[in-house]
Amino acid sequence: MTISIKWADKTLAKFGKQIERLNTEFPVVLPRIVNQVGNRAKTQVIRNLTKQTGLPRKTIVSAVEVSAAGGKKLSYDMVTRGGNIRLKYLNPKETPDGVVAKPFGKTTTYPGAFLKGGAFPDRKAVDKFGGHAFYRLNKSGTKITYARSGVRIPVEMTTGATAAAFEKTASELLQPRVMAAIDKLLK
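If you want my numbering, it's the 1-based position in the sequence shown plus 71.
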């Protein structure tokens with residue numbers, strides 16, 4: 072999924088020649104501006120994505136990869152991959168009713184899910200589980216599957232408060248900075 076700023080379409084039509092001249096005469100200026108604004112937007116995306124998904128900040132930081140502007144490339148790309156996040160990454164706790172975790176920042180119970188083995192109340196952590204929560208697929212418990220949260224980082228990154236924060240930060244900062252560079256350097 073891609074988030075792009077529509078500012079470029081309108082501004083390039085109006086100031087295209089000046090931007091082209093700025094990029095030709097001062098080739099490091101525009102990539103530097105794009106990267107500065109991109110880094111600020113990335114900070115807002117990570118902050119909002121952490122709240123929106125309920126995942127720890129460390130997990131979000133490692134999930135969001137950046138491809139910065141440079142040379143002839145005048146785009147700042149934030150890319151993330153992944154599917155349905157496992158409960159392990161949402162600080163799960165086992166209760167008699169199932170596993171409790173906080174996807175999307177809301178406490179949710181997953182009935183029938185488990186983290187430990189044995190009978191209540193003497194359940195013990197199982198080393199092979201590695202902190203993951205599971206569901207049984209059959210009565211004997213010989214077939215199990217990971218318990219998943221429904222949180223998908225790429226989807227969350229392009230919706231809600233995270234997308235709004237990116238758009239707001241980028242649109243407020245990019246145009247004034249480019250216009251200031253044009254005014255200062257192309258007298």
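Even for Gly, the Cβ is constructed at its ideal location relative to N, Cα and C.
**Request:** Identify the continuous beta strand (DSSP E) that holds G169 and give its terminal residues.
**Result:** Numbered from 1 along the sequence shown, position 98 holds the residue referred to as residue 169. Note, G169: beta strand (DSSP E), G169 to A172.
**Prompt:** Can you tell which of I104, G176 and A112 has its C-alpha closest to the C-alpha of E238?
**Reply:** The residue you call residue 238 lines up with position 167 of the sequence shown. Per the Cα distances, A112.
**Request:** Could you give the DSSP three-state label for P102: helix, strand or coil?
**Result:** In the sequence shown, the residue the question calls residue 102 occupies position 31. Correct three-state label for P102: helix.
**Sheet register partners of E136 (DSSP bridge)** = Taking the sequence shown and counting its residues from 1, one reaches residue 136 at position 65. Answer is V150, bridged to E136.
**Prompt:** Taking C-beta to C-beta, are V108 and L244 nearer than 7 Å?
**Reply:** For the purposes of this step, residue 108 is identified with residue 37 of the sequence shown, where counting begins at 1. For the purposes of this step, residue 244 is identified with residue 173 of the sequence shown, where counting begins at 1. The Cβ atoms of V108 and L244 sit closer than 7 Å to each other.
**Request:** Quick one: residues in its chain with C-beta nearer than 7 Å to the C-beta of I74, no 5 flanking neighbours on either side, listed in chain order?
**Result:** Stepping through the sequence shown from its first residue, residue 74 is reached at position 3. Because I74 sits at a pLDDT of 49, beneath the cut-off of 50, its placement in the model cannot be relied upon, and the following sentence gives the value as read from the coordinates. Answer for I74: T229, A234 and F237, listed in chain order.
**Request:** Using three-state DSSP, classify A235 as helix, strand or coil.
**Result:** The residue given as residue 235 occupies position 164 in the sequence shown. Helix.
**Message:** What would DSSP say about I253, mapped onto helix, strand or coil?
**Reply:** Within the sequence shown, numbered from 1, the residue matching residue 253 stands at position 182. Reduced to three states, the DSSP call for I253 is helix.
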